[in-house]
Amino acid sequence: MRMPWLLRGYAAVFYAFLYMPIGVMVVLSFNDSQIMGFPLKGFTLRWYGEALAEGALLRALWNSFVVGFVASLVATALALMIALGLRHRVPFRGAVLPVILIPIITPGIVSGVLLYVSFGVLGLPYGLSTAVIAAHVTWVLPFAFLTLYPQLHRFDRSIEEAAMDLGATPWVVFRRVILPLIRPAIIATLLFSFTLSFDEFIRTLFVVGSQRTTPVYLWLLIAEQMAPFLPAVGVMIMLVSIAVAGVGFWVSGRAAKLAARVEG
Amino acid sequence: MVVPGLLWLAVFAVVPLGFLATVSLWKHSLFGLTTAVSLDAYRIIANEPVYALVLWQTLRIALVTTLLSLVISYPLAMFLARLKGHHKTLAVVLVFLPFWTSYVVRTFVWLPMLGRSGVVNSTLLALGIIDKPLDWLLYNEGTVYVGLVYVYTLYMTLPIYLSLDRLDPKLVEAANDLGATPLQAFRRVVLPLTMPGIWSGCTMVFLLSCGAYVTPQLLGGTSGHMLGNVIAAQFLHTNNWPLGAALSLILVVVVIGFLFVAGRRLGLQQLFMGERR
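Respectively, the protein sequence lines represent chains R and F.
Following my numbering, the numbering of the first sequence begins with 340 at its first residue and continues without gaps.
Following my numbering, the numbering of the second sequence begins with 2 at its first residue and continues without gaps.
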């Protein structure tokens, strides 16, 4: 199909709108001015230095990495088990999908409040290792399931049945037959889950206690003071997120290629 | 195999809803929470019109955001679907790229765009169109639309793009050969076949907008308040847990109601997994 010029022009405007605010943030992060805005007063790296010197940003980044690592592992494992389980007969099968979707359907602000209230009523401590991990695994699990499930249903079940017929135990079938086939999907899911957790904010804010994840750190910085180094912090957070997602894209692409070669 | 995952969801997603419902029936007073059953929170919501207004405003903002996203995303999805090879990959990745970062960042970027010394004001001042900065660019309902559409538009673009991409171009050619004008071909062939993508995108954007907190808080000012801000305030400032819990439950019920209507047309499976029934 030919591309009408109108559509081309529209796309140009769309991309301009998408990238202009980000471009402005990048430009302002180098602007040598106490006020976050225009006119531009000259080039400086000072705001990056100040933001990093505070230490709070690096601590927040580290916290986000740890939470993202744990949450993506747990969520992917649980989602994988559900997806594998659904390949067999399960009672109340029709009710499984709606239950899995609950964390997505629940409005963000309500999810944020849910664990805050529950932990509060039960007298459990808030914080990264308790409520935040719980909130993140719950939030990420449905997405992990939605990415894994179609992949698991794609491959031929007869391969698995053949292995069983040849006397393989279920564990051996999983390790030697299913796992190699779905490894790329698992890696992609892990990384996708990680980015979801890394960027999560509203489900974290209420239950994080006195600790900080990266988005919470940025939020409190914006709310408390309009520091001139805010754009620099935004740029750094954005770069980390994009780098992580980019690695994810690259790894899952490579894994898919590798799998294609093995299968071919 | 299914049990551990579902158990996790039961403990951390279903049971907490029960806690929320219980707390919404407690009593709030100057001395704190009392566990006596009371309908106080709901009575306040019913009697003070401000809560109905905020709920209405939230639904209206979510609906307008959804429609705006649809109108903005559809042509872009058409653009993406028509590209081929490396151009397509690049164009799709460029749409994704900004969404790989936290929406706190993506909301924040509008402050230096629309602020007093922001891009828009500086440009208009430099061009001599205005002689002092405009104050109404930020902190109102319009700004909330800008922010929400900017933050959530990918959730609309993606499913529509996928459904357009699956569409067989021969169908459009056939319509054209049979004498349909481009508009007729779009209305009678393309649009009906991409309805699943549209519904799925609309559902996602509507759900996300209903639960918005960051965007209205950062960009909305007083006139762009949404239910999310009112709920958060009950927990962060006034410490009125029953009222916050009751408002949260109302939001959940409203959202599920909407989803029920959308789900009847399509089924949850298709809405969230893009599968045809």
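Where is the CB? At the ideal position from N, CA and C, for every residue including glycine.
Please read these numbers as outputs of a predicted model, since none were measured by experiment.
1. Using only alpha-carbon positions, find the residue among ILE251(F), PRO193(F) and LEU7(F) that is nearest to ILE441(R).
2. Kindly identify the DSSP beta-bridge partner or partners of LEU544(R).
3. Against ILE232(F), what residues of chain R qualify as contacts under a CB-to-CB distance less than 8 Å, listed in chain order?
4. Assign VAL479(R) to buried or exposed, taking buried as 16 or more other Cβ atoms, counted over all protein chains shown, within 10 Å of its Cβ.
5. Ignoring anything shorter than 4 residues or poking outside the stretch 386 to 449 of chain R, list the alpha helix (DSSP H) runs there in chain order.
6. So, under 8 Å CB-CB, LEU260(F) and VAL456(R) are touching, yes? Tell me the CB distance rounded to an integer number of Å.
7. Starting from LYS28(F), trace the beta strand (DSSP E) both ways and give me its first and last residue.
8. Sorted by chain position, which residues of the same chain lie with C-beta nearer than 7 Å to MET364(R)'s C-beta, five sequence neighbours on each side aside?
9. On the premise that TYR146(F) lies in contact with LEU69(F), defined as a C-beta separation below 8 Å, what is that separation, rounded to the nearest angstrom?
10. Is PHE382(R) helix, strand or coil by DSSP?
11. Just checking, does the stretch 445 to 455 of chain R make contact with the stretch 231 to 243 of chain F on the three C-beta pairs under 8 Å criterion?
12. Going along chain R in order, which residues have a C-beta closer than 7 Å to the C-beta of GLY229(F)?
13. Helix, strand or coil for THR35(F) per DSSP?
14. Below 9 Å on C-beta distance, what does SER123(F) contact in chain R?
15. Output yes if chain R places a C-beta closer than 8 Å to the C-beta of ARG167(F); else output no.
16. Exposed or buried, what is ARG277(F) when buried is set at 16 or more other beta-carbons lying within 10 Å of its beta-carbon?
17. Expressed to the nearest angstrom, what Euclidean distance is found between the alpha-carbon atoms of ALA53(F) and ILE45(F)?
18. With distances taken from CA atoms, which of VAL262(F), LYS85(F), MET196(F) and THR239(F) is nearest GLN30(F)?
19. Say whether chain R places a C-beta atom closer than 8 Å to the C-beta of LEU220(F).
20. In the DSSP assignment, find the unbroken alpha helix (DSSP H) run with VAL51(F) in it and report its ends.
21. Do TYR162(F) and ALA82(F) have their C-beta atoms closer together than 8 Å?
22. State buried or exposed for THR102(F), treating a residue as buried only when at least 16 other CB atoms are found within 10 Å of its CB.
23. From SER580(R) to ILE374(R), what does the alpha carbon distance come to, in whole angstroms?
24. Whole-angstrom Cβ separation of ALA474(R) and ARG542(R), contact assumed at under 8 Å?
25. Tell me whether ASN370(R) sits in a helix, a strand or coil according to DSSP, three-state version.
26. Is it the case that the stretch 383 to 398 of chain R contacts the stretch 540 to 556 of chain R, given that we only count it when at least three CB pairs across the two stretches are under 8 Å?
27. Does any residue of chain R have a CB that is nearer than 8 Å to the CB of ARG277(F)?
28. Hey, is the stretch 410 to 421 of chain R in contact with the stretch 517 to 530 of chain R, meaning 3+ C-beta pairs nearer than 8 Å?
29. Going by the beta-carbon positions, is the gap between ASN122(F) and SER224(F) smaller than 8 Å?
30. My understanding is that ILE361(R) touches PRO99(F), with C-beta atoms under 8 Å, so please give their C-beta distance in whole angstroms.
31. Would you say PHE568(R) faces chain F, with C-beta separation under 8 Å as the test?
32. Using a Cβ-Cβ cut-off of 8 Å, state whether GLY381(R) counts as contacting chain C.
33. Where do the N-terminal and C-terminal ends of the alpha helix (DSSP H) with GLN235(F) fall, by residue?
34. Note down, in chain order, every chain F residue with its Cβ under 7 Å from the Cβ of ALA584(R).
35. Taking the continuous alpha helix (DSSP H) assigned at LEU21(F), which residues delimit it?
36. Compare the Cα-Cα distances from LEU467(R) to each of SER497(R), THR534(R), VAL409(R) and PHE531(R) and report the closest residue.
Inspection of the coordinates gives the following:
1. One-based indexing of the first sequence puts residue 441(R) at position 102. Among ILE251(F), PRO193(F) and LEU7(F), the Cα nearest to that of ILE441(R) is on LEU7(F).
2. Taking the first sequence and counting its residues from 1, one reaches residue 544(R) at position 205. Answer is none; LEU544(R) lacks a bridge partner.
3. For the purposes of this step, residue 232(F) is taken as residue 231 along the second sequence, with counting starting at 1. Going along chain R in sequence order, the residues near ILE232(F) (Cβ under 8 Å) are ILE448, VAL449 and VAL452.
4. In the first sequence, residue 479(R) corresponds to position 140, counting from 1. Label assigned to VAL479(R): buried.
5. 395 to 424 and 432 to 444
6. Counting from 1 along the second sequence, the entry for residue 260(F) is found at position 259. Counting from 1 along the first sequence, the entry for residue 456(R) is found at position 117. Going by Cβ atoms, the distance from LEU260(F) to VAL456(R) rounds to 23 Å, so no, they are not a contact pair.
7. Here residue 28(F) is taken as the residue at index 27 of the second sequence, counted from 1. Per DSSP, LYS28(F) belongs to the beta strand (DSSP E) from 28 to 30.
8. Position 25 of the first sequence, counted from the first residue, corresponds to residue 364(R). PRO570, GLY573 and VAL574.
9. Position 68 of the second sequence, counting from 1, holds the residue named residue 69(F). Position 145 of the second sequence, counting from 1, holds the residue named residue 146(F). At roughly 6 Å, the Cβ-Cβ gap stays under 8 Å, so LEU69(F) and TYR146(F) are in contact.
10. Mapped onto the first sequence, residue 382(R) falls at position 43. Here PHE382(R) sits in strand by DSSP.
11. yes
12. Within the second sequence, numbered from 1, the residue matching residue 229(F) stands at position 228. Simply ILE448.
13. Here residue 35(F) refers to the residue found at position 34 when the second sequence is read from its first residue. THR35(F): strand per DSSP, three-state reduction.
14. To locate residue 123(F), count along the second sequence from 1; it is residue 122. Those within 9 Å of SER123(F) in chain R are GLY376, PHE377 and PRO378.
15. Sequence index remark: in the second sequence, residue 167(F) carries index 166 (1-based). No, because no Cβ of chain R sits closer than 8 Å to the Cβ of ARG167(F).
16. Within the second sequence, residue 277(F) is the residue found at index 276, counting from 1. The predicted position of ARG277(F) is uncertain, since its pLDDT is 45 and thus under 50; no value can be drawn from it.
17. Translated into the one-based positions of the second sequence, residue 53(F) becomes position 52. Translated into the one-based positions of the second sequence, residue 45(F) becomes position 44. Near 11 Å, if we compare the C-alpha coordinates of ILE45(F) and ALA53(F).
18. Residue 30(F) sits at position 29 when you count from the first residue of the second sequence. The residue asked about is misnamed: residue 30(F) is Ser in this sequence, not Gln. With distances taken between Cα atoms, SER30(F) lies closest to THR239(F).
19. Indexing the second sequence from 1 puts residue 220(F) at position 219. It does not; no Cβ of chain R falls within 8 Å.
20. The residue given as residue 51(F) occupies position 50 in the second sequence. Start and end: 50 to 83.
21. Position 161 of the second sequence holds residue 162(F). Position 81 of the second sequence holds residue 82(F). Against a cut-off of 8 Å, the Cβ pair of ALA82(F) and TYR162(F) comes out as a contact.
22. Counted from its first residue, the second sequence places residue 102(F) at position 101. Classification of THR102(F): buried, given that the 10 Å Cβ count is 16 or more.
23. In the first sequence, the residue the question calls residue 580(R) occupies position 241. In the first sequence, the residue the question calls residue 374(R) occupies position 35. Going from the Cα of SER580(R) to the Cα of ILE374(R) covers about 26 Å.
24. Along the first sequence, read from residue 1 onward, the residue named residue 474(R) stands at position 135. Along the first sequence, read from residue 1 onward, the residue named residue 542(R) stands at position 203. With 8 Å as the limit, ALA474(R) and ARG542(R) qualify as a contact, their Cβ atoms being about 4 Å apart.
25. By one-based count along the first sequence, residue 370(R) stands at place 31. The answer is strand: DSSP assigns ASN370(R) an E or B state.
26. yes
27. The residue labelled residue 277(F) in the question sits at position 276 within the second sequence. The pLDDT assigned to ARG277(F) is 45, lower than 50, so where the model puts this residue is not dependable; a value taken from the coordinates is nonetheless given after this. Not one chain R Cβ lies under 8 Å of ARG277(F).
28. yes
29. Your numbering for residue 122(F) matches position 121 in the second sequence. Your numbering for residue 224(F) matches position 223 in the second sequence. Going by C-beta atoms, ASN122(F) is not nearer than 8 Å to SER224(F).
30. Counting from 1 along the first sequence, the entry for residue 361(R) is found at position 22. Counting from 1 along the second sequence, the entry for residue 99(F) is found at position 98. Rounded, the Cβ-Cβ distance is 6 Å, consistent with contact.
31. Translated into positions along the first sequence, residue 568(R) becomes position 229. No, its Cβ sits nowhere closer than 8 Å to a Cβ of chain F.
32. Note that chain C does not occur in the displayed structure, where the protein chains are R and F.
33. As a position in the second sequence, residue 235(F) is number 234, starting the count at 1. From DSSP, the alpha helix (DSSP H) with GLN235(F) extends over 228 to 237.
34. As a first step, residue 584(R) must be located in the first sequence, where it is residue number 245. In chain order: TRP101.
35. Working through the second sequence from its first residue, we reach residue 21(F) at position 20. Residues 16 to 25.
36. Locating residue 467(R) in the first sequence gives position 128, where the first residue counts as 1. Ranking SER497(R), THR534(R), VAL409(R) and PHE531(R) by Cα distance to LEU467(R) puts VAL409(R) first.
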